[in-house]
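All remarks here apply to the structure that follows.
Residue numbers (the working numbering): 2 to 213.
Below, the structure is given as structure tokens:
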């Protein structure tokens, strides 16, 4: 069993790699590898797409790594491999991102990535720090997790999902802010699970043992 963390030069992968490797040992989740090799992505049993920075830059980098991009799309769309997007990696699953300019996403979960607009002017953007999850729909990724558990966020834009059934969890930050999305073999987390202590590690372990 191989989990590939995709390296397309748009994220700090060291802490994610260590967290996934730790949980793979704990849950017997197989091998975890950070890779920019399209052949590895194509044969991996699970895929993780991280992302830090602006939506347009991450989308451009991902599509610019054409071998990786094509292998990832084929693995998810045609072969149904379990997929996890993290932070901007989750946002890239959207139809369109509206950061700086309109940029097409992967279109795997219909919706738009828009700026966070808290109703309370005292709440600053970016949304940065710990916030409590509100679980909207049951999912394997939440095994051992309950509403009120907190995760670590750093972002100014969030995913406005068209279908409420595909928003699995949110947080309150002056309005509802999407925290977890998912459908079929895909799931995405706006927060950083590798920085979210025991809760984030538990969710990583859940992904590594998920058999959709």
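A virtual CB, placed ideally from N, CA and C, is assigned to each residue, including glycine.
### Message
Just list the residues that DSSP pairs residue 214 with in beta bridges.
### Response
Shown here, the chain extends from 2 to 213; a query on residue 214 therefore has no answer.
### Message
Less than 6 Å between C-beta atoms, sequence neighbours within five positions excluded: which residues of the same chain meet that for residue 50?
### Response
Residue 50 sits at position 49 when you count from the first residue of the chain shown. By the criterion of a C-beta distance shorter than 6 Å, residue 50 is surrounded in its chain by 7, 86, 90, once the five residues flanking it on both sides are discounted.
### Task
Would you please state the rounded distance, in angstroms, between the beta carbons of residue 100 and residue 55? I believe it to be under 8 Å.
Counted from its first residue, the chain shown places residue 100 at position 99. Counted from its first residue, the chain shown places residue 55 at position 54. About 5 Å separates the two Cβ atoms, so the contact holds.
### Task
Decide if residue 166 is buried, meaning its Cβ has at least 16 other Cβ atoms within 10 Å, or exposed.
Here residue 166 refers to the residue found at position 165 when the chain shown is read from its first residue. Flag for residue 166 reads exposed.
### Task
Would you give the residue range spanned by the beta strand (DSSP E) that residue 161 belongs to?
Within the chain shown, residue 161 is the residue found at index 160, counting from 1. It spans 158-162 - the beta strand (DSSP E) in which residue 161 sits, taken as one unbroken run.
### Message
When you compare the stretch 138-145 with the stretch 118-130, are there three or more beta-carbon pairs, one atom per stretch, that lie closer than 8 Å?
### Response
No, the stretch 138-145 does not touch the stretch 118-130.
### Message
How far does the beta strand (DSSP E) with residue 5 in it extend, from its first residue to its last?
### Response
As a working mapping, residue 5 is identified with position 4 in the chain shown. Boundaries of the beta strand (DSSP E) harbouring residue 5: 3-7, taken from the DSSP string.
### Query
Anyone know if the C-beta pair for residue 93 and residue 63 falls short of 8 Å?
Counted from its first residue, the chain shown places residue 93 at position 92. Counted from its first residue, the chain shown places residue 63 at position 62. Yes; because the gap between Cβ atoms is below 8 Å, this pair is in contact.
### Minimum length 4: unbroken alpha helix (DSSP H) runs contained in the stretch 52-128
Under the rule that a run must span 4 or more residues, the alpha helix (DSSP H) segments found entirely inside the stretch 52-128 read 56-65, 67-74, 89-92.
### Alpha carbon of residue 22 to alpha carbon of residue 207, nearest angstrom
Residue mapping note: residue 22 aligns to position 21 of the chain shown, counting from 1. Residue mapping note: residue 207 aligns to position 206 of the chain shown, counting from 1. Taken atom to atom, the span from the alpha-carbon of residue 22 to that of residue 207 is near 13 Å.
### Query
For residue 141, does the three-state DSSP call read helix, strand or coil?
Reading the chain shown from its first residue, position 140 is the one you call residue 141. Residue 141 carries a helical assignment under DSSP once its states are collapsed to helix, strand and coil.
### Where residue 197 falls, given that 16 or more other Cβ within 10 Å makes a residue buried
One-based indexing of the chain shown puts residue 197 at position 196. By the neighbour-count rule (16 or more Cβ atoms within 10 Å), residue 197 is buried.
### Task
Let me know if residue 81 comes out buried or exposed under the rule of 16 or more other beta-carbons within 10 Å of its beta-carbon.
By 1-based counting over the chain shown, the position of residue 81 is 80. Answer is exposed; the Cβ neighbour count stays below 16.
### Best match in 34, 18, 115 for proximity to residue 158 [C-alpha to C-alpha]
As a position in the chain shown, residue 158 is number 157, starting the count at 1. When only C-alpha atoms are compared, the closest one is 115.
### Task
With a 10 Å radius around its C-beta and 16 neighbouring C-beta atoms as the bar for buried, classify residue 149 as buried or exposed.
Reading the chain shown from its first residue, position 148 is the one you call residue 149. Answer is exposed; the Cβ neighbour count stays below 16.
### Task
Compute the Euclidean distance between the alpha carbons of residue 84 and residue 125, then round it to the nearest angstrom.
As a position in the chain shown, residue 84 is number 83, starting the count at 1. As a position in the chain shown, residue 125 is number 124, starting the count at 1. Each residue's Cα considered, the two are about 31 Å apart.
### Task
Mind checking which residues open and close the alpha helix (DSSP H) that includes residue 48?
As a working note, residue 48 is residue 47 in the chain shown. Careful: residue 48 lies outside any alpha helix (DSSP H), inside the beta strand (DSSP E) at 47-50.
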